[in-house]
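Numbering (our numbering) for the sequence shown: 3 to 160. Here is the structure we will look at, set down as structure tokens.
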Amino acid sequence: MSSPIDDLDARLIALMAAEPRIGLMEVSRRLNVARGTVQARLTKLTDRGVIKSFGPEIDPARMGYPVLAFVFLEITQGRLTEAVEHLESVPEVLEAHATSGPRDLLCRVAARDTEQLQDIINRLLGTSAVRRSTSYIVLSTQIAHRTGPLVRAAAAES
Numbered sequence: 003m004s005s006p007i008d009d010l011d012a013r014l015i016a017l018m019a020a021e022p023r024i025g026l027m028e029v030s031r032r033l034n035v036a037r038g039t040v041q042a043r044l045t046k047l048t049d050r051g052v053i054k055s056f057g058p059e060i061d062p063a064r065m066g067y068p069v070l071a072f073v074f075l076e077i078t079q080g081r082l083t084e085a086v087e088h089l090e091s092v093p094e095v096l097e098a099h100a101t102s103g104p105r106d107l108l109c110r111v112a113a114r115d116t117e118q119l120q121d122i123i124n125r126l127l128g129t130s131a132v133r134r135s136t137s138y139i140v141l142s143t144q145i146a147h148r149t150g151p152l153v154r155a156a157a158a159e160s
């Protein structure tokens, strides 16, 4: 388990998340700490896996994939690896998580329209490693993916 983050880490993460193209000198100026401190903190947070990437965040809807769905999959016993390899071959599968309960995987899927979503689900079922699916189409997003509140809460605990 990683050690908690502190207030400076939280402020650094918040600033980098809000302005991903900001330079280290500007981060240093805004946080009122030395550039070396910023670099050391970023290195520490990256090495610990707290910060996973500095890449751009993509909006599938703005790329022509406005339909978002969550698809639960039931996997044939002992064939999780095979199922995951199959899912990796489907570009519209944005992520997949192993879950507890009656279904084994929860996938977040993007599609151009509901007809393509049906095709994607059929492709997901195209291996005997996947037994059945249950899908839920997202009607609207009430809280988008976020980490800021969690970062602030973690820093407050330290």
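Even for Gly, the Cβ is constructed at its ideal location relative to N, Cα and C.
Once the 5 residues before and after residue i are set aside, which same chain residues still bring their CB inside 6 Å of it?
i	result
I53	L47
H99	L108
T78	A131, R133
T136	F74
L89	V95, A98
With a Cβ-Cβ cutoff of 8 Å, do residue i and residue j count as a contact?
i	j	result
R43	L14	yes
I7	A71	no
L26	L10	no
V69	A113	yes
V73	L126	yes
A63	V153	no
Taking all protein chains shown into account, decide if residue i is buried (16 or more other Cβ within 10 angstroms of its Cβ) or exposed.
i	result
A85	buried
D106	buried
Can you name the residues that DSSP bridges to residue i?
i	result
H99	L108
R134	E76
A113	V69
I139	A71
Once you ignore the five residues that flank residue i on each side, which residues in its own chain have a CB closer than 8 Å to its CB?
i	result
T116	V69, I139
E159	P6
Q120	none
T162	Outside the modelled stretch of the chain, which goes from 3 to 160, sits residue 162, for which no answer is possible.
P58	P22
To which residues of the same chain is residue i closer than 7 Å at the C-beta, ignoring the five residues directly before and after it?
i	result
Q41	L26
R37	L26, M27, S30
A157	I7, D8, D9, D11, A12
I122	V92, E94, V111, A113
G150	A16, A19
Nearest by alpha-carbon distance to residue i: which of the options is it?
i	options	result
A19	A158, S160, V92, H147	H147
S102	Q120, D121, G80, E76	E76
T83	V35, R23, T129, A155	T129
S55	R23, P104, I145	R23
Would you say residue i touches the ligand GDP, meaning its beta carbon is less than 7 Å from a heavy atom?
i	result
A100	Although the ligand GDP was asked about, the structure shown includes no ligands whatsoever.
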